[in-house]
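Numbering-wise (our numbering), the sequence shown opens with residue 15 and increments by one. All residues carry an ideal CB built from backbone N, CA and C; glycine is no exception. Data first, discussion second: the structure below is written as structure tokens.
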Amino acid sequence: MSWFKNIFKKEEKETLDKGLEKSSQGFFEKMTKAVVGKSKVDDEVLDDLEEILIASDVGASTTIKIIERIEERVSRDKYVGVNELDKILRDEIAGLLLENPHAGTGNIDTSKKPYVIMVVGVNGVGKTTTIGKLAHQFKSEGKKVVLGAADTFRAAAVDQLTIWSERVGVPIVKQEMGSDPASVAFDTVQSAVAQNADVVIIDTAGRLHNKINLMNELSKIKRVMQKVIPDAPHEILLVLDGSTGQNAFEQAKQFTAATEVNALAVTKLDGTAKGGVVIGISDQFQIPVKYIGVGEKMQDLQLFNGTEFVDSFFKKR
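Structural data, given as structure tokens:
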């Protein structure tokens, strides 16, 4: 079994390396240009590095923290050669990520049964696909999963989730278009309890144009679920599209203001050079990045591991 596990871990790491290839290449090309002809890390190199990190969507506040950490190191070691910059940068970013809260390696708290995940995020970020991939992962671990289609304002959302439920082979609870989302959520958790399910994943609408409405709707969904399971939802998972860079920060701000998000999933990292956004989001919101999407396949939604992420990001191609 450990042999099989090792093969799986190796494949997972290769997928992560490949998924972060664009981000990594773009970063190193800029880094190489910045240090050409230089021998030591000085103010000019640090200014260039600051620009590169911001351009990689790490975000201004997190970039300043990283630069300050490197400045401290430079002043402590007196002389730092540019050939050491990669390693120092890797160490400092890994250090920063590991200081942030992490979801740990466990997928869910199995003492909560059913474990209820409420998924939030704007349309188009890969919310439904993330739910489908999560359902597949839980099912392949032998867990019984029930999906709830509480994004009742878009027919496409319900249809898409239905396709995923059929593809993965898990039941779905849905109602007519335009039904009360809280009513769907209530039916879903009730059905899950009746079926002795392990995990419930509930999709919600992703409209941000009116934060008060969003807040009220999400609060109502939570209240109604709590009539069946008093401590539900156990996880409020915000899905963000990594390829939108700074826009993902903005969405994270809006949703964390509207509801108590306690886990993040950052998707579509394989098609973008903006992978640095994961570093900034993890640091700025102090909410664990729990999953990252690094490919199209069912298994390409991975549990986030800060050390491995940095290792893949800094891998020389």
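Taking the C-alpha atoms as reference points, what is the distance between residue i and residue j?
| i | j | result |
| --- | --- | --- |
| residue 237 | residue 305 | 26 Å |
| residue 220 | residue 178 | 19 Å |
| residue 138 | residue 254 | 9 Å |
| residue 130 | residue 326 | 32 Å |
| residue 31 | residue 316 | 12 Å |
| residue 112 | residue 321 | 8 Å |
| residue 71 | residue 34 | 14 Å |
| residue 55 | residue 109 | 20 Å |
| residue 15 | residue 310 | Only weak support exists for where residue 15 lies, its pLDDT of 46 falling under 50; the value from the coordinates is given anyway. Rounded to the nearest angstrom, the two C-alpha atoms are 27 Å apart. |
| residue 185 | residue 64 | 49 Å |
| residue 346 | residue 53 | Shown here, the chain extends from 15 to 331; a query on residue 346 therefore has no answer. |
| residue 92 | residue 40 | 30 Å |
| residue 73 | residue 159 | 37 Å |
| residue 209 | residue 144 | 23 Å |
| residue 47 | residue 318 | 30 Å |
| residue 251 | residue 29 | 23 Å |
| residue 270 | residue 307 | 21 Å |
| residue 205 | residue 176 | 16 Å |
| residue 18 | residue 196 | Only weak support exists for where residue 18 lies, its pLDDT of 48 falling under 50; the value from the coordinates is given anyway. The alpha-carbon atoms of residue 18 and residue 196 are separated by roughly 42 Å. |
| residue 182 | residue 283 | 23 Å |
| residue 261 | residue 243 | 34 Å |
According to DSSP, simplified to helix, strand and coil, what is residue i?
| i | result |
| --- | --- |
| residue 84 | helix |
| residue 4 | Outside the displayed range of the chain (15 to 331) lies residue 4, so it cannot be described from this structure. |
| residue 368 | Because the chain here runs from 15 to 331, residue 368 falls outside it and cannot be looked at. |
| residue 130 | strand |
| residue 189 | coil |
| residue 52 | coil |
| residue 92 | coil |
| residue 300 | coil |
| residue 320 | helix |
| residue 140 | coil |
| residue 307 | strand |
If you drop the 5 nearest sequence neighbours on each side, which residues of the same chain put their C-beta closer than 8 Å to that of residue i?
| i | result |
| --- | --- |
| residue 192 | 166 and 167 |
| residue 285 | 36 and 257 |
| residue 13 | Outside the shown range of the chain, which is 15 to 331, sits residue 13, and nothing can be said about it. |
| residue 201 | 162, 187 and 189 |
| residue 83 | 106, 109 and 110 |
| residue 68 | 74 and 77 |
| residue 288 | 37, 70, 71, 256, 257, 258 and 259 |
| residue 194 | 166 |
Quick one: what's got a C-beta closer than 7 Å to residue i's C-beta in the same chain, skipping five residues either side?
| i | result |
| --- | --- |
| residue 199 | 162, 164, 216, 235, 238 and 239 |
| residue 147 | 312 and 315 |
| residue 23 | none |
| residue 26 | 316 |
| residue 60 | 81, 84 and 85 |
| residue 225 | 268, 271 and 272 |
| residue 100 | 328 |
| residue 96 | 49, 52, 53, 54, 55 and 59 |
Looking only at its own chain, which residues have a Cβ that is under 6 Å from the Cβ of residue i, when we skip the five neighbours before and after it?
| i | result |
| --- | --- |
| residue 135 | 141, 220, 252 and 253 |
Spell out a yes or no on whether the segment 152-170 and the segment 213-220 are touching, meaning 3 or more CB-CB pairs, one atom from each, closer than 8 Å.
yes
contact_flag[the segment 154-163, the segment 290-306] where n(CB pairs < 8 Å) is 3 or more:
no
Completely contained alpha helix (DSSP H) runs for the segment 204-291, where each covers 4 or more residues:
225-240 and 260-272
Fully enclosed by the segment 145-182, which beta strand (DSSP E) runs are 3 residues long or longer?
159-163
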